[in-house]
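So in the numbering used here, the last one in the sequence shown is 1405, and the numbering has no gaps at all.
Here the structure comes first, spelled out in structure tokens, and everything after it is commentary.
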Amino acid sequence: MFPKITLKLATSLDGKIALANGQSEWVTSEASRAHGRYLRAENDAIAVGANTAEIDNPMLTTRVLGQSNPVRIVFDTTLRLDPESHLVTTTNETPTWVFTRAGTDAKANILREHGVVVHPVTDENGLSLTEALTIMGEYGIRSLLVEGGGTLIASFIRAGLYDTIHWYRAPVLLGGDGRDCVGALSLTNMGQVVRLHRMKFSEVGHDLHEVYVKAD
Ligand SMILES: NC(=O)c1ccc[n+]([C@@H]2O[C@H](COP(=O)([O-])OP(=O)(O)OC[C@H]3O[C@@H](n4cnc5c(N)ncnc54)[C@H](OP(=O)(O)O)[C@@H]3O)[C@@H](O)[C@H]2O)c1
């Protein structure tokens, strides 16, 4: 059984998550980020793409008192994940899993020695999400929060693999050269547009928090 999938976007008003050079600290306010940490605590696992792991060197913990931390997952085809990164060096306190393609054995062994769980899946122009989700389900992961970046979010949206989108939107503009919160969807006609239904709308500090599901 696949986990329930939530996509989290933390963006500028113009839908950007980072500057062109990758800097993203911080687009949204502390209030939104605190809200987002509670969202993490509600999920069994959190996923990011290899670029986010490389550029942000994130911890991906909840920092919420009394809450356990979800499993941290990186989609990383060629195992670029730095053995010195926070995700690797703290894996004995909070588990880190990496989905990668077959044939990355030497690098996989280095990560495994640090305690990282490495799962090979098929590479089909991006790692197979359905294989990864099946493995998560087999290990008892019932809920997954996908935190970005835009390339990984777009893969989940293209495959229709999401239940809910939580969108934190700050009143700042990063401009057209910033990195998009949803990468390429390769749509060719308006009939393919991804239509959403807004379930909730509230203010978090100076930011907006919107919750969407797929439109019927
Ligand atoms: N504002 C925020 O809250 C926020 C949150 C997250 C990220 N960010 C920012 O977003 C930027 C990174 O975003 P990004 O779009 O460049 O990259 P990303 O989504 O973090 O990572 C994309 C990479 O993941 C790997 N990957 C493996 N399987 C994949 C699959 N099935 N689908 C998609 N990707 C897959 C690929 O790299 P390989 O081929 O090497 O495996 C791909 O290039 C950073 O600047 C970061 O700071 C901001």
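All C-beta atoms, glycine included, are put in the ideal place defined by N, C-alpha and C.
So what does DSSP say about residue i, is it helix, strand or coil?
i       : result
Thr1340 : helix
Thr1289 : strand
Leu1198 : strand
Tyr1401 : strand
Ala1327 : Just to set this straight, residue 1327 is Glu in the shown sequence, not Ala. It is helical.
Asp1312 : strand
Glu1219 : helix
Arg1358 : strand
Glu1302 : helix
Thr1353 : strand
Gly1364 : coil
Asp1294 : helix
Gly1238 : strand
Leu1270 : coil
Glu1282 : coil
Measure the Cβ-Cβ separation of residue i and residue j and say whether it is below 8 Å.
i       : j       : result
Cys1370 : Leu1202 : no
Pro1309 : Thr1340 : no
Arg1229 : Thr1251 : yes
His1386 : His1224 : no
Ile1330 : Ala1234 : yes
Leu1316 : Thr1285 : no
Tyr1401 : Ile1354 : yes
Leu1334 : Asn1246 : no
Ile1244 : Gly1211 : yes
Phe1264 : Ala1295 : no
Measure the beta-carbon distance from residue i to residue j and round it to whole angstroms, keeping in mind my assumption that it falls under 8 Å.
i       : j       : result
Pro1272 : Leu1300 : 7 Å
Ala1321 : Leu1276 : The Cβ separation is near 16 Å, so there is no contact.
Leu1268 : Ala1297 : 6 Å
Lys1205 : Leu1363 : 4 Å
Gly1423 : Asn1240 : Given a span of 1190 to 1405 for the chain in the structure shown, any question on residue 1423 remains unanswerable.
Considering Cα atoms alone, identify which of the options is closest to residue i.
i       : options                            : result
Ser1344 : Gly1364, Thr1319, Trp1356          : Thr1319
Leu1196 : Ser1213, Gly1238, Val1216, Pro1360 : Gly1238
Val1305 : Thr1250, Thr1278, Leu1322          : Thr1278
Glu1307 : Tyr1357, Ser1375, Met1325          : The identity of residue 1307 in the sequence shown is Val, whereas the question assumes Glu. Residue Met1325 is the option with its Cα nearest to Val1307.
Gly1367 : Ile1194, Lys1193, Gly1204, Ala1209 : Ala1209
Thr1293 : Asn1281, Thr1283, Asp1312, Glu1282 : Asp1312
Tyr1227 : Val1287, Met1388, Gly1349, Leu1249 : Leu1249
Met1388 : Asn1378, Met1379, Lys1403          : Lys1403
Ser1257 : His1303, Asn1240, Thr1283          : Thr1283
Residues in its own chain within less than 6 Å of residue i by CB, not counting five upstream and five downstream?
i       : result
Ala1220 : Val1393, Gly1394
Phe1191 : Leu1322, Gly1326
Tyr1357 : Ala1199, Thr1217, Ser1221, Asp1396, His1398
Asp1352 : Lys1193, Ile1194
Ala1291 : Pro1309
Asn1378 : none
Ser1332 : Pro1192, Lys1193, Asn1232, Asp1233
Phe1390 : Glu1399
Please go through the same chain and pick out, in chain order, the residues whose beta-carbon is closer than 8 Å to the beta-carbon of residue i, but skip the five residues on each side of it.
i       : result
Val1382 : Leu1376
Pro1360 : Leu1202, His1395, Asp1396
Trp1215 : Arg1222
Identify, in the order they occur along the chain, each residue of the same chain with its Cβ nearer than 7 Å to the Cβ of residue i, setting aside the five sequence neighbours on each side.
i       : result
Val1253 : Arg1226, Tyr1227, Ala1230
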